[in-house]
Amino acid sequence: MRACQFLLLLFVCTDFIFGTEDTEDEETRKRILDQLTKTRTVLLDDYHLVTRQVATDVYMFRSYRTVSVVFYPVMRDVTDARFTFQSEELHLNNIGSCNPQEVIVNLKHGSYPAVNPDGYDFPKDFYDPGKREPIYTLELLSDGRNKTYSIENPKPGNWYALIYIKWEDPRTQKVEQQGLVANCQTILYSDLQVKRNDNIELIDCYNGVTEINYGDLPALFKCMSVDRVDPIALNISIVNTSVGDNELFFRVQALSIPTVEENIIHCAFNPRANNFQTITFIPHPNAWHYIHIGPIDGNSSSIADCESYFLRTDIDELVNHTVTDFMRDDKGRFFTFDYGVPTTDIQDTTSLINLTSSEIKTFRFKINQFLDIGGSLSIATSLLMNVKYYMGYKREAEKETLLAFTEDNQFFKVVVCVDIGHPSIPLESGHCRYNDRVTPALFVLNSTDSDSIYDKTLIPFPDSGTWYVTLRLFCDQIVCPCRIGANNTKYYVDADGKKEFDDSVVGTNETRLGTTECNATAVLTVSSTSCVSGKCSNHGNCLVNTFGALMMSFCSCVSGYGSWDCSDNSRMDSRAYMLLSVLLLTLSNILFFFSIYVATIRLYYTEAMMYAFTMIFSTFYHACDAPSQVAYCIIRGNILQFGDFYCGLMSFWVTLLAMSIINERIRSSLQLIGAIVIALLTTWNMHSFVSFLLPVAVGTSVVFSSWYLDYRKHRSLKFPRSYFFKHMPIGLILVTVGLVSYGFLQTEQNYKIVHSLWHMIIALSVGFLLPDVKRANDVNPFLPSSGYYKLPFPSIFRRSPAPIAND
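Numbers -19 to -1, 1 to 788, taken from mature numbering (1 follows the signal peptide of the UniProt record, and there is no 0), label the letters of the sequence shown in order.
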């Protein structure tokens, strides 16, 4: 009856603790979120609110698994986008206080920001982030204060914010036990206000704007280009000028209002000398363009003259420029698709592209917002050489750094440019030109170098929009004096010119003219996969993180590997160090043999079996939880983890019951009750301090209650004085040291040492806490009694002495 009452009381306590903790956390969170929701956003004059995110959970950066993503839609004609961020700490329990955290916000247009807050380098094949859309970084503390960030003339479309707590090296972080420290959750409030210019005049890009009154300047215009790459010649004329009028600037930009830094064309002209200007520029196909005209304040000598944009010789290169749309081939998985050149078979594509030196070929494809931006885009290009090149000339080039010249193997190179929103013109220098902007080409493929006939790049989280890949072939027009072999074969000069050759290859002053026309075949592949080629260098798992309707793929690295594709082992421990750590954590459990031995000789067989199971599960769990290079798992790790925590808590429970003064029937009942409740606690949250505190607190109350009741009844102590004044104090000191080390001294760096000491200290403490009362008082507590090994084992299988009723 008492056992049933105790069981009922224990279940009530368990439900009360669990329910109270969950309810308090939920009520605290709800109260703060309600306050944030009711907070009125302060709107500035001429601004209007676009979107508001009330409570975004923020976590410390460990990988892209722990980041939060928020997107903000920005419309056209916006002159200022004002982002407001406010971060706070939710204190979800009554322990300690919450310190403000350093929150990082990375903001980018078009796709998720690709960053590496943990300091790892991007893989070598990754596209240079500096060549992509800029990433704006904002830092703030979670102290409840507002912080704003303004972007002038932002591009329209979706802007994505990547939010996380500043990375800290996990090896130096403290291992905190749930329930012993403050339970804090960082949240972020954010909103977006924009200011629009409603006074932008709509014009025709192909007719221009005439009779602009000088007194009405500065003025803004916008126009839509057609879906072609042909240049636009925009005509403008200024009227009603006077002698004292300043020179005027002319700026044009696609998608957004131009600034001094962001523009396609920026030039100046004097309306008094020539009030009519024709400015030619290459537009973004099928896009809005904004023209800004106004007086110049100050010196205009550093600004290009608009007269130079009337007749542009570089535009003549666009005469034979073709644009072809790629065909998409979806693979039915997240972020997995290919693009290729359409063929006569409407269900098939090809990667082969025939090039001639007299044309520029551009291929375009679309990256859809939300759906396609969460993977990695791969662009690979190679030259398709003939069999002789691979069989003969390649070996010769590797052997002597010389390549024989024949009519079938002329020198040529292909320059490849990649842009978003517009195509560029590849230059022979290995650069790409778009109006006045000249940037390095993505690839330069050289037929004389077997190492440079192929190149590849990976673009993580590609920007949404229309992508343009432009290829241009350049021939061997002029060749410097060549080396000539004994058989009169001409060779290209080696790159460094320092290699010595045998006497059969001599120099010559003969200059061989190249050719102005040539052709070649290139292989162009464009594909997208999750993570990096769908995997993580065999040192991690490719996972998908979701944020409402947003999704992104990322690599979750294991075994000490890091970087975007889990290929960086610079912070990984040596194999010897990992093996030493595993040996410490596993072999430290050997001391449980001492606990098993003491419990056995003192006739605590149930307790001895519990210590044995604790030793077994702890040993194999830590062997399985080790880095994969040295790990050994006999069964799944989660099963071993459950067994480790469960048997550990059960060991505390049965030890406390062994220390109490109760009859065997009550003790066995309490052992069974504890087994059920501890199983529930371990399943609920094995890392919570409540899971440890509840059985220990109940067991301790049973111990002291039984001691008090026994002393009150008999007026004497049941256990010998040596137990109370020598053995038990030593055991309590050991347990206290172990608990302090386990709860407050562990860090990721010293975990293997402190946790191994925890194993040994707890195993030793059992020998001092178990009372030796089942044997004679004059027996050494650490030695077996005489005749202990003469146990009648066959008697185990005999019938119970209880009488059996007759039929």
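Ideal placement from N, C-alpha and C gives every residue a C-beta, glycine not left out.
| Same chain, Cβ closer than 6 Å to Lys155, neighbours up to 5 away in sequence not counted | Thr728.
| query | To the nearest angstrom, how far is it from the Cα of Trp140 to the Cα of Tyr53? | reply | Each residue's Cα considered, the two are about 5 Å apart.
| Does DSSP put Trp148 in a helix, a strand or coil? | Looking at Trp148 - three-state DSSP - the assignment turns out to be coil, as it is neither helix nor strand.
| Which of the three DSSP states, helix, strand or coil, is assigned to Ile184? | If DSSP states are grouped into helix, strand and coil, Ile184 belongs with coil.
| So what does DSSP say about Tyr320, is it helix, strand or coil? | Taken through DSSP and simplified to helix, strand or coil, Tyr320 comes out as strand.
| message | DSSP three-state label for Lys699, please. | response | In the structure shown, Lys699 sits in coil (DSSP, three-state: anything other than H, G, I, E or B).
| Those runs of the beta strand (DSSP E) which lie wholly inside the region 557 to 638 and span at least 3 residues | Entirely contained in the region 557 to 638, not one beta strand (DSSP E) run reaches 3 residues.
| query | Relative to the C-alpha of Cys547, which residue among Ser49, Val35, Arg43 and Ser410 is closest? | reply | Comparing Cα positions, the closest option is Arg43.
| message | I want to know whether the region 277 to 291 touches the region 73 to 91 - three or more CB-CB distances under 8 Å. | response | These segments do not touch.
| query | Just curious, the alpha helix (DSSP H) that residue 792 is in, first and last residue? | reply | In the structure displayed, the chain extends from -19 to 788; residue 792 sits before or after that span and is not available.
| request: Look up Arg177 in the DSSP assignment and say whether it is helix, strand or coil. | output: Looking at Arg177 - three-state DSSP - the assignment turns out to be strand.
| When the Cα of Thr362 is compared with those of Thr502, Ser632 and Ile341, which residue comes out closest? | Considering only alpha carbons, the answer is Thr502.
| field | Environment of Lys394 [buried if 16+ CB atoms lie within 10 Å] | value | By the 10 Å Cβ count, Lys394 comes out buried.
| said: Check this for me: beta carbons of Val50 and Ala163, under 8 Å apart or not? | reply: No.
| query | At what residues does the beta strand (DSSP E) containing Trp448 begin and finish? | reply | Taken as a continuous stretch (DSSP letters only), the beta strand (DSSP E) holding Trp448 covers Gly446 to Cys456.
| query | Taking the continuous alpha helix (DSSP H) assigned at Trp665, which residues delimit it? | reply | Looking at the DSSP string, the run of the alpha helix (DSSP H) that includes Trp665 is Glu645 to Asn666.
| field | DSSP three-state assignment for Cys287, whether helix, strand or coil | value | If DSSP states are grouped into helix, strand and coil, Cys287 belongs with the helices.
| task | Would you check if the region 196 to 215 and the region 262 to 280 touch, i.e. whether three or more CB-CB distances between them fall below 8 Å? | result | With contact defined as three or more Cβ pairs closer than 8 Å, the region 262 to 280 and the region 196 to 215 are in contact.
| query | Which one of Ile582, Ser687, Trp269 and Thr60 has the shortest CA to CA distance from residue 797? | reply | For the chain, the structure presents residues -19 to 788; residue 797 sits outside this window and is missing.
| Under the rule that 16 or more other beta-carbon atoms within 10 Å means buried, what is Asp549, buried or exposed? | Burial call: buried.
| query | How many angstroms separate the CA atom of Ser206 from the CA atom of Pro239? | reply | Going from the Cα of Ser206 to the Cα of Pro239 covers about 16 Å.
| request: Within its chain, find whatever has a CB closer than 8 Å to the CB of Tyr40; leave out the 5 residues flanking it on each side and keep chain order. | output: Answer for Tyr40: Thr47, Val48, Ser49, Tyr145, Ile146 and Thr167, listed in chain order.
| said: Output needed for Ile184: all residues of its chain with C-beta closer than 6 Å, excluding positions within five of it in sequence on either side, in chain order. | reply: Val190, Phe202 and Cys204, listed in sequence order.
| task | Give the straight-line distance between the Cα atoms of Leu572 and Ser92, rounded to the nearest whole angstrom. | result | Going from the Cα of Leu572 to the Cα of Ser92 covers about 55 Å.
| task | Could you please give me the residues that DSSP links to Tyr415 through a beta bridge? | result | According to DSSP, Tyr415 shares a beta bridge with Arg418.
| Contact between the region 257 to 272 and the region 206 to 220 (3+ Cβ pairs under 8 Å) | Yes, they touch.
| field | Contact set for Asn227: own chain, Cβ-Cβ below 6 Å, skip 5 residues either direction | value | Only Pro276 and Ile277 meet the Cβ criterion.
| According to the neighbour-count rule (16 or more other Cβ atoms, all chains shown, within 10 Å of its Cβ), is Arg113 buried or exposed? | Arg113 comes out buried.
| request: Consult DSSP for Glu481 and reduce its assignment to one of helix, strand or coil. | output: Unreliable positioning characterises Glu481 in this predicted model, as indicated by a pLDDT of 48, which lies under 50. The coordinate reading is nonetheless provided below. Assigned with DSSP and collapsed to three states, Glu481 falls in coil, not helix or strand.
| task | Run the CB neighbour count on Thr447, radius 10 Å, all protein chains shown included, and call it buried at 16 or more, exposed below. | result | Taking all protein chains in view, the Cβ of Thr447 is crowded by 16 or more other Cβ atoms within 10 Å, so the residue is classified as buried.
| request: Note down, in chain order, each residue of its chain lying with its Cβ closer than 7 Å to the Cβ of Ser123, except the 5 sequence neighbours on either side. | output: So the qualifying residues of the chain are Ser68, Glu69, Glu70, Pro81, Gln82, Val84 and Thr167.
| task | Check Ile354 in the structure and name its three-state DSSP category. | result | DSSP places Ile354 in coil when its eight states are reduced to three.
| request: Determine the direct distance from the alpha carbon of Val304 to that of Lys342, and round the result to whole angstroms. | output: Looking at the two C-alpha atoms, the distance is approximately 6 Å.
| message | If distances are taken between C-alpha atoms only, which option among Met559, Ser551, Thr510 and Ala557 comes closest to Cys536? | response | The shortest C-alpha separation from Cys536 is found at Thr510.
| If we ignore side chains and look at the alpha-carbon of each, how far apart do Leu565 and Pro151 end up? | Computed Cα separation, rounded: 20 Å.
| query | Are there three or more Cβ pairs, one per stretch, closer than 8 Å when the region 662 to 679 is compared with the region 633 to 641? | reply | Verdict: yes, contact present.
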